[in-house]
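**Q** This is the structure, below, for whatever I ask next.
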Amino acid sequence: MPGGDAPNLDDISQTTFYIPYKPDVSKPTRSRLPESQYQERDFTEGPDLRLAAYRKAWTKCFDRLQTIIHNLQTPVVAAVVEEVHRSYTDILPGLPYPELPVICITDPIFGSSFLTELTNQLELPEDTPDSLFSQKTFVTHLHPPDCGNISSAMKSIVNGFVERETTLGKVKRKPATSLANYDITLLSTWYKALCEAEDFDAESRPNLVVFLHEFEQFDPIVMQDVFYICSTRIPDLPLVFILSTSSPTTSWLHTSYSRATLARLRVRRFALPSGAKILEDIILKTFFDVEFEPDVMIGPANIQYLQDYFTRYDSSLDKVLTILQLIHLKHFSSDPLTVLIHATPGVTSLSRPTSFNFIDSLAERLYAPSTQTPSETHAEDWRSITIPSLIKSIDEARTSFRSRARGIRVAFGFINLVQCFMVLQGYKGLGWGQQISLCDVFVDILEGSLEKDIKYLSIMVRKLRVEQLRGLLEEIQLYFTNIPTEEEAQAQIASLQSILPNDDVSLSELRGQVATGLSDWLIGYLNSRLTPLEESPLWDIWYTGLTPFPSELLNPSVRASILSGLLRPHDFAERDNESEEEDREVGLWELPDTSILFKRYLDSGKMINVYDWFESFKTVLETQAEKGKSSSGRGTPKKQKGKGKGKQKAVESEPGEWEGEEEEEEKWKLEVQARFMRAMQELDYLGFLKHTGRKADHVLRLVFDVND
Numbered sequence: 000m001p002g003g004d005a006p007n008l009d010d011i012s013q014t015t016f017y018i019p020y021k022p023d024v025s026k027p028t029r030s031r032l033p034e035s036q037y038q039e040r041d042f043t044e045g046p047d048l049r050l051a052a053y054r055k056a057w058t059k060c061f062d063r064l065q066t067i068i069h070n071l072q073t074p075v076v077a078a079v080v081e082e083v084h085r086s087y088t089d090i091l092p093g094l095p096y097p098e099l100p101v102i103c104i105t106d107p108i109f110g111s112s113f114l115t116e117l118t119n120q121l122e123l124p125e126d127t128p129d130s131l132f133s134q135k136t137f138v139t140h141l142h143p144p145d146c147g148n149i150s151s152a153m154k155s156i157v158n159g160f161v162e163r164e165t166t167l168g169k170v171k172r173k174p175a176t177s178l179a180n181y182d183i184t185l186l187s188t189w190y191k192a193l194c195e196a197e198d199f200d201a202e203s204r205p206n207l208v209v210f211l212h213e214f215e216q217f218d219p220i221v222m223q224d225v226f227y228i229c230s231t232r233i234p235d236l237p238l239v240f241i242l243s244t245s246s247p248t249t250s251w252l253h254t255s256y257s258r259a260t261l262a263r264l265r266v267r268r269f270a271l272p273s274g275a276k277i278l279e280d281i282i283l284k285t286f287f288d289v290e291f292e293p294d295v296m297i298g299p300a301n302i303q304y305l306q307d308y309f310t311r312y313d314s315s316l317d318k319v320l321t322i323l324q325l326i327h328l329k330h331f332s333s334d335p336l337t338v339l340i341h342a343t344p345g346v347t348s349l350s351r352p353t354s355f356n357f358i359d360s361l362a363e364r365l366y367a368p369s370t371q372t373p374s375e376t377h378a379e380d381w382r383s384i385t386i387p388s389l390i391k392s393i394d395e396a397r398t399s400f401r402s403r404a405r406g407i408r409v410a411f412g413f414i415n416l417v418q419c420f421m422v423l424q425g426y427k428g429l430g431w432g433q434q435i436s437l438c439d440v441f442v443d444i445l446e447g448s449l450e451k452d453i454k455y456l457s458i459m460v461r462k463l464r465v466e467q468l469r470g471l472l473e474e475i476q477l478y479f480t481n482i483p484t485e486e487e488a489q490a491q492i493a494s495l496q497s498i499l500p501n502d503d504v505s506l507s508e509l510r511g512q513v514a515t516g517l518s519d520w521l522i523g524y525l526n527s528r529l530t531p532l533e534e535s536p537l538w539d540i541w542y543t544g545l546t547p548f549p550s551e552l553l554n555p556s557v558r559a560s561i562l563s564g565l566l567r568p569h570d571f572a573e574r575d576n577e578s579e580e581e582d583r584e585v586g587l588w589e590l591p592d593t594s595i596l597f598k599r600y601l602d603s604g605k606m607i608n609v610y611d612w613f614e615s616f617k618t619v620l621e622t623q624a625e626k627g628k629s630s631s632g633r634g635t636p637k638k639q640k641g642k643g644k645g646k647q648k649a650v651e652s653e654p655g656e657w658e659g660e661e662e663e664e665e666k667w668k669l670e671v672q673a674r675f676m677r678a679m680q681e682l683d684y685l686g687f688l689k690h691t692g693r694k695a696d697h698v699l700r701l702v703f704d705v706n707d
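The sequence shown begins at 0 in numbering that gives the first Met the number 0 and counts up one residue at a time.
Take a look at the structure:
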């Protein structure tokens, strides 16, 4: 550290020092995907190309997810913004005292994305095309640590507005002659000067919005005083409070705040969409929507894990995005063949000797015999394989898979359209989204187990009346018209529509003919589209299938991780000579101080004598210093032992040398003590120790049954 920025480590008044990490710039590192378990069949540029493919696929999926989330929260954002701008326009007359506008938002799912979007909409410039209001708003944000008492809470509110950049510039205050920075009169004076400087009238003057994040964590006693103080300045100071909560606000406000406080508040409540319906919409519009084609299709195992985690553990959208990103990351890091997800490398790249294993694995997948007894021409076909023909086969497999996946999405939309039409006509539908979760439906579609649903729909179609048949055919025709690839389906529906007459002549016979034709065509069409994706060649490049989700990355075992890190710390660190030392057992003296102390911890009983623990730790450190003597040239300072009786000193030492050795020995003792204290405090912080008041020099061991 530079001398001017170096902290004074001897300052006893400081409890903590922060030393920022400075990486070694001489060893630049590149971001790479984790090594695949099939590393032997990868080629040289494979990891870099797969990383680029992962970024492209995840960016496409993430943009789609952001669009879906934005569309889900936009109605609530617009309603809240409108309420903020109209907070001081529609005021009930005859109130005993002014009411402070308070907007309570219940948001158990969307989290920071909703508040960010709401803040952006409130602070839009006047000339922005998306701005629906000409009125400005100024926004400040408060968190529970900012409001420990009434003074700090008012200071945060006042400074949040006064110190912002406006036409008034930065306000310069003299402490001796100015108002206190927690006095709301200062905010009133600043606001009045701002309105005069920018020539705001009564209708266009800006509202002052205060965001209270995690409102349940605020002290109700402090906030009662804040609400009372702010309500006394209405309407001269148009404050609007927005409360962000994760629980229903009605019960919370009435339970935590007095009636006198609630009487001064005009509460408006807004709730964002929540529940499993949000997850179903996200999966539907990302992976089963005909208007979007994902690069990676998730399988039944991942959908089931998403549903289980969302409904049982954490229903926040941040976790959903994290899980989907981890699915993409694992998919691209597990198999080298995923480099082919977007495009195939050129002939030059695949012709290199380092790519031969990659080529062999592809050829085995594409041209291996489907039965145990290959055909007579199989050997000749194998010898005729060339790299250009292999590239052509890969491109055909990519086109085939995308066509099959698109067919599944179209078929799902078609089934959903028919069953929704049945429900609207008073018939019993399939119960999708009501009795049956859509996530379960997605799993059944990917597993190819919708035969009963298809058969039920075909039977119900036969029972439709003429008017109902005509309406259903019109909706089906409109659905397939928006899908250019379904020309054959459009022609079939058009032919059925032409059979239905416009008058009542021969109505019953034609109705049965059209209903039977539509029913039979529905069964054949859906069965041809709902085929398993695993039947496509090289399907695992674009489809995760039954691959389980790596739940240990999202919810790791903390206890096992801590114990493994203490027992085998070298397994978690990168070593340059790993190939040479991977089979060598690491000695106790080579471990970090905390691991050394933990090893001795495991050898003790329930009650640990701290002094004995220190002596055993000191012995290991002396061994460590002796082992390092050959490389550093310095050893452990040894205690000066007395001469035996009758023995003479071989060499007379100078007094200065004796003093230097004694000083070095003292430094060594202090270093050992400091390292012991630091290691013991780390174990104490991790929860391995318990201090007892009975014996000051003993601690209790809390962790047992640890397998080395």
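Backbone N, C-alpha and C define an ideal beta-carbon position, used for all residues, glycine too.
What is the residue span of the beta strand (DSSP E) that Leu242 lies within?
**A** Residue numbering aside, residue 242 sits at position 243 when the sequence shown is read from its first letter. Here the beta strand (DSSP E) through Leu242 covers 238-244.
**Q** Using three-state DSSP, classify His327 as helix, strand or coil.
**A** Within the sequence shown, residue 327 is the residue found at index 328, counting from 1. Correct three-state label for His327: helix.
**Q** Do Thr593 and Ala678 have their CB atoms nearer than 8 angstroms?
**A** Taking the sequence shown and counting its residues from 1, the one referred to as residue 593 is at position 594. Taking the sequence shown and counting its residues from 1, the one referred to as residue 678 is at position 679. Result yes, Cβ atoms of Thr593 and Ala678 sit closer than 8 angstroms.
**Q** Determine the closest residue to Asn158 out of His142, Asn180, Val138, Phe137, with distance taken between C-alpha atoms.
**A** Numbered from its first residue, the sequence shown carries residue 158 at position 159. When each option's Cα is compared against that of Asn158, the closest is Asn180.
**Q** May I have the straight-line CA-CA distance separating Leu389 from Gly511, to the nearest angstrom?
**A** Residue mapping note: residue 389 aligns to position 390 of the sequence shown, counting from 1. Residue mapping note: residue 511 aligns to position 512 of the sequence shown, counting from 1. Taking the straight line from one Cα to the other gives about 51 angstroms.
**Q** Excluding the five sequence neighbours on either side, which residues of its own chain have a C-beta within less than 7 angstroms of the C-beta of Val708, listed in chain order?
**A** With the chain running from 0 to 707 in the structure shown, residue 708 is simply not present.
**Q** Could you check where the beta strand (DSSP E) with Pro100 kicks off and where it finishes?
**A** Within the sequence shown, numbered from 1, the residue matching residue 100 stands at position 101. Looking at the DSSP string, the run of the beta strand (DSSP E) that includes Pro100 is 99-105.
**Q** If Lys617 and Val671 are in contact, beta carbons under 8 angstroms, what's the gap, nearest whole angstrom?
**A** The residue given as residue 617 occupies position 618 in the sequence shown. The residue given as residue 671 occupies position 672 in the sequence shown. About 5 angstroms separates the two Cβ atoms, so the contact holds.
**Q** With Asn206 as the anchor, note down where its alpha helix (DSSP H) starts and where it stops.
**A** For the purposes of this step, residue 206 is taken as the residue at position 207 of the sequence shown. First-last for Asn206: 206-211, but that is the beta strand (DSSP E), not the alpha helix (DSSP H).
**Q** Can you tell which of Pro591, Lys689, Asp704, Val702 has its C-alpha closest to the C-alpha of Arg674?
**A** The residue you call residue 674 lines up with position 675 of the sequence shown. When each option's Cα is compared against that of Arg674, the closest is Pro591.
**Q** What separation, rounded to the nearest whole angstrom, lies between the Cα atoms of Pro1 and Thr15?
**A** Against the sequence shown, residue 1 aligns to sequence position 2. Against the sequence shown, residue 15 aligns to sequence position 16. For Pro1, the predicted model reports a pLDDT of 45, less than 50, meaning its position is unreliable and no value from the coordinates is stated.
**Q** Buried or exposed: where does Tyr610 fall if 16 or more other Cβ atoms within 10 Å of its Cβ makes it buried?
**A** Position 611 of the sequence shown, counting from 1, holds the residue named residue 610. With fewer than 16 Cβ atoms within 10 Å of its Cβ, Tyr610 is classed as exposed.
**Q** Kindly indicate which three-state DSSP category Leu699 falls into: helix, strand or coil?
**A** Translated into positions along the sequence shown, residue 699 becomes position 700. Strand.
**Q** On the DSSP bridge list, what partners appear for Arg268?
**A** For this step, residue 268 is matched to residue 269 along the sequence shown. In DSSP, Arg268 forms a bridge with Cys103.
**Q** Rounded to a whole number of angstroms, what is the C-alpha to C-alpha distance between Leu393 and Gln72?
**A** Position 394 of the sequence shown holds residue 393. Position 73 of the sequence shown holds residue 72. According to the sequence shown, residue 393 is Ile rather than Leu. So the alpha carbons of these two residues sit roughly 41 angstroms apart.
**Q** Roughly how many whole angstroms lie between the Cα atoms of Val101 and Val266?
**A** What you label residue 101 is simply residue 102 of the sequence shown in a count that begins at 1. What you label residue 266 is simply residue 267 of the sequence shown in a count that begins at 1. Val101 and Val266: Cα-Cα distance of roughly 5 angstroms.
**Q** Keeping to the same chain, check which residues put their C-beta closer than 6 angstroms to that of Arg528; ignore five residues upstream and five downstream.
**A** In the sequence shown, the residue the question calls residue 528 occupies position 529. Taken in chain order, the residues that qualify are Gly406, Ala410.
**Q** For the beta strand (DSSP E) containing Phe137, name the first residue and the last one.
**A** Looking up residue 137 in the sequence shown gives position 138. It spans 136-141 - the beta strand (DSSP E) in which Phe137 sits, taken as one unbroken run.
**Q** Apply the 10 Å Cβ neighbour rule to Gln120 and answer buried if 16 or more other Cβ atoms are within range, or exposed otherwise.
**A** As a first step, residue 120 is located in the sequence shown; it is residue number 121 there, counting from the start. Gln120 should be labelled buried.
**Q** Under the three-state reduction of DSSP, which class applies to Tyr181: helix, strand or coil?
**A** Translated into the one-based positions of the sequence shown, residue 181 becomes position 182. Coil at Tyr181, not helix or strand.
**Q** Please classify Asn608: does DSSP put it in a helix, a strand, or coil?
**A** What you label residue 608 is simply residue 609 of the sequence shown in a count that begins at 1. Three-state result, Asn608: strand.
**Q** Determine which residues share a DSSP beta bridge with Leu688 and list them.
**A** Translated into the one-based positions of the sequence shown, residue 688 becomes position 689. Note: Leu688 sits in a beta bridge opposite Arg700.
**Q** How is Tyr96 classed by DSSP in three states: helix, strand or coil?
**A** On the sequence shown, residue 96 is found 97 positions in, with the first residue counted as 1. In the structure shown, Tyr96 sits in coil (DSSP, three-state: anything other than H, G, I, E or B).
**Q** Hey, how far is the Cα of Ile297 from the Cα of Pro219?
**A** On the sequence shown, residue 297 is found 298 positions in, with the first residue counted as 1. On the sequence shown, residue 219 is found 220 positions in, with the first residue counted as 1. Cα to Cα, the separation comes out at about 46 angstroms.
**Q** Going straight from the alpha carbon of Leu278 to that of Ser112, what length do you get?
**A** Along the sequence shown, read from residue 1 onward, the residue named residue 278 stands at position 279. Along the sequence shown, read from residue 1 onward, the residue named residue 112 stands at position 113. Distance between the alpha carbons of Leu278 and Ser112 is about 16 angstroms.
**Q** Rounded to whole angstroms, what's the CA-CA distance from His341 to Tyr53? Just pull it up for me.
**A** Locating residue 341 in the sequence shown gives position 342, counting from the first residue. Locating residue 53 in the sequence shown gives position 54, counting from the first residue. Cα-Cα distance, rounded: 10 angstroms.
**Q** Looking at the structure shown, is Ile90 part of a helix, part of a strand, or coil, going by DSSP?
**A** Position 91 of the sequence shown, counted from the start, is the residue given in the question as residue 90. Ile90: coil per DSSP, three-state reduction.
**Q** Shortest alpha-carbon distance to Glu81 belongs to which of Tyr96, Leu48, Thr118?
**A** Along the sequence shown, one-based indexing puts residue 81 at 82. Out of Tyr96, Leu48, Thr118, Thr118 has the C-alpha closest to the C-alpha of Glu81.
**Q** Is DSSP giving Ile435 helix, strand or coil here?
**A** Indexing the sequence shown from 1 puts residue 435 at position 436. In the structure shown, Ile435 sits in a strand (DSSP, three-state: E or B).
**Q** Does the beta-carbon of Gly93 have 16 or more other beta-carbons within 10 angstroms, so that it is buried, or is it exposed?
**A** The count along the sequence shown starts at 1 and reaches residue 93 at position 94. Exposed is the call here.
**Q** Among Pro205, Lys598, Phe240, Leu429, whose alpha-carbon lies nearest the alpha-carbon of Gly564?
**A** On the sequence shown, position 565 is the one that residue 564 refers to. Closest by alpha carbon: Lys598.
**Q** With H, G and I counted as helix, E and B as strand and the rest as coil, what does DSSP make of Tyr708?
**A** The structure shown does not extend to residue 708, since the chain spans only 0 to 707, so no value can be given for it.
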